[in-house]
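Residue numbers (numbering that gives the first Met the number 0), protein chains in the order written: chain E, 0 to 183; chain V, 0 to 183. Glycine residues also receive a C-beta, built at the ideal position from the N, C-alpha and C atoms. It should be emphasised that the depicted structure is a prediction, and the values quoted were computed from it without experimental measurement. For reference, the structure is listed below as structure tokens.
2 protein chains.
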Amino acid sequence: MRCKVLDAAEAAFQARGYHATSFGDLMTVAGVSGGALHHHFPTKKALALAVIEERVAAAVEATWIAPVKAAVSAREGVRAVFEAVATELEQQGFVRGCPLNNLAHELSLADPDFRAALAGIFAAWRKAIADKIKADQQEGREQGTDPQHFAALAVAGYSGAMSMAKTAQDPGPLRDCLAALGQA
Amino acid sequence: MRCKVLDAAEAAFQARGYHATSFGDLMTVAGVSGGALHHHFPTKKALALAVIEERVAAAVEATWIAPVKAAVSAREGVRAVFEAVATELEQQGFVRGCPLNNLAHELSLADPDFRAALAGIFAAWRKAIADKIKADQQEGREQGTDPQHFAALAVAGYSGAMSMAKTAQDPGPLRDCLAALGQA
DNA sequence: TTATAAACAGGATGATCACCCTGTTTTTGG
DNA sequence: CCAAAAACAGGGTGATCATCCTGTTTATAA
């Protein structure tokens, strides 16, 4: 039941955002009563915090951190994720954007707890890429690359490209950024 | 009066977002009555559309398009804007994010009219940078650079860096991206 | 001046919102 | 088997929201 609510909230926050999603919507979609909803999540803020910590963080881990760690190099890992996401969006036919970015924009100025939770996910994301660059450097590659700078540009480029892709409803910007990033 | 409302709405949308801003808030801040507000903007959507078309577009023009056009090269223009914004944010002490990105995330999936207006601004922004690269190429520089790819990465890098800066309340990511972009 | 419309004022309205409260059912530990 | 707590139902509540409506003032044009 708690899981069903989180599923519904994750999807609704992604599609319509936090403020545009009401408890009534979630009760309908998840098929739960108001009592049950407020039993598991006493406030809307508690629900959003749970979505961020349990779902958004996991999505970034699965989509970005694990693939980059498993890749043969940082650069190849970043390329592969861009490629995979672009291909998925092209097949899907619409773009809902990055869950982390969507919530970060709407909530990070609204509440310090939201902001801290979201900032932590961004930091972990960048750290995973920077660590991979450092690992590459241990093996003699990427000597001229600053790990922190590269990680920031990879994350920012992806986030920004997803913003544009969402606004244009076209994954093209992801492909453009991937091509430009290849020369960075 | 109409201008005062647009001022208040622009600031409120930037600071709290569209859904979190009520007509009551704007009436208080701008010091206008409900009748006056609804006379100039019959619906909240009409108000947001006016803010996007008259204020957000102008902000992108003033912050990005004009400086890039006036710069000695595309690369130098991009660098100068990153630098100027980072410096301004450092002095300011807080980060509210990019007005275009903030509204794009909240509104582009909510309504086709919003989406079209926002997508147009993104397109003009990218076009200005791509055109500048083409101008550089006319003068023999940037021969190995794809204008569209470079413009996409510049805009995405800035947008994404501003997202991170807003979430972290620290302009550092802008400086990191600028440094990494210098090698692209 | 005067007719006409635009600009403005401010209370009213119905819908919706997050949240609460009183019970009932289900689970669980001793 | 039995208390005690957790899980769940579902109607209720005050606040807030965008919008509307009836007037009044101000600008405009002939």
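At a cut-off of 9 Å between beta-carbon atoms, Pro-172/E makes contact with chain V. Below the 7 Å Cβ cutoff, chain V contributes Lys-165 and Thr-166 as neighbours of Ser-107/E, in chain order. Under a criterion of Cβ atoms nearer than 8 Å, the residues of chain E adjacent to Gln-147/V are, in order, Asp-175.
A distance of 9 Å or more separates the beta carbons of Gln-168/E and Arg-1/V.
Taken in chain order, the whole beta strand (DSSP E) runs of length 3 or more contained in the stretch 63–144 of chain E number zero. At a cut-off of 9 Å between beta carbons, Phe-22/V makes no contact with chain E.
At a cut-off of 9 Å between beta carbons, Leu-88/E makes no contact with chain V.
Three or more beta-carbon pairs separated by less than 8 Å are not found between the stretch 62–82 of chain E and the stretch 19–29 of chain E, which leaves the two stretches without contact.
Within its own chain, the residues whose Cβ lies closer than 7 Å to the Cβ of Val-50/V, once the five positions on either side in sequence are excluded, are Leu-5, Ala-8, Glu-9 and Phe-12, listed in chain order.
Taking a Cβ-Cβ threshold of 8 Å, the residues of chain E close to Ser-158/V are Ala-155, Ser-158, Gly-159, Ser-162 and Met-163, in chain order. Annotation for Leu-177/V: Phe-81 place their beta carbon closer than 6 Å to its own, counting only its chain and skipping 5 residues before and after. Contact with chain E is absent for Ala-85/V, since none of that chain's Cβ atoms lies less than 9 Å from the residue's Cβ. Cβ atoms of Leu-180/E and Ala-153/E come within 8 Å of each other, at about 7 Å. In the three-state DSSP reduction, Asp-175/E falls in the helix class (H, G or I). Contact note: Ala-179/V reaches chain E through Asp-145, His-148, Phe-149, Ala-151, Leu-152 and Ala-183, using a C-beta cutoff of 8 Å and chain order. For the pair of segments examined, the stretch 109–127 of chain E was found not to touch the stretch 129–147 of chain V: the number of CB pairs separated by less than 8 Å stays below three.
Contact with chain V is absent for Phe-12/E, since none of that chain's Cβ atoms lies less than 9 Å from the residue's Cβ. For Asp-6/E, the three-state secondary structure derived from DSSP is helix. Per the C-alpha coordinates, the member of Gly-16/E, Val-55/E, Lys-44/E and Lys-3/E positioned closest to Val-31/E is Lys-3/E. Cys-97/E has its alpha-carbon roughly 7 Å from the corresponding atom of Ser-158/E.
Look at Leu-117/V: its C-beta is under 9 Å from a C-beta on chain E. In the structure shown, Gly-34/V adopts helical secondary structure according to DSSP, grouped into three states.
DSSP places Asp-169/V outside both helix and strand once states are collapsed to three, so it counts as coil.
Residues of the stretch 121–142 of chain V that bring their beta carbon within less than 7 Å of a beta carbon in chain E comprise Phe-121, in sequence order.
For Val-77/E against Ala-164/E, the beta-carbon gap comes to about 17 Å, at or over 8 Å, which does not count as contact.
Taking a contact as a CB-CB distance under 8 Å, the pair Leu-88/V and Leu-99/V does not count as one, their CB atoms being some 16 Å apart.
DSSP, read as helix, strand or coil, puts Tyr-17/V in coil. Under the 9 Å criterion on CB atoms, Gly-92/V is classed as non-interfacial with respect to chain E. Sorting His-38/E, Glu-141/E, Ser-162/E and Ala-47/E by C-alpha distance to the C-alpha of Ser-107/V places Ser-162/E at the top.
Ranked by how close their Cα comes to the Cα of Lys-126/E, the residues Pro-172/E, Thr-42/E, Leu-46/E and Lys-68/E have Lys-68/E in first place. If you draw a straight line from the Cα of His-18/V to the Cα of Ala-83/V, it comes to about 30 Å.
Around Arg-78/E, no beta-carbon contact reaches into chain V at under 9 Å, the shortest distance being about 14 Å. Between Ala-155/V and Thr-166/E, the C-beta spacing is not below 9 Å.
Linking Phe-149/E to Ile-128/E through their CA atoms gives a straight-line distance of about 8 Å.
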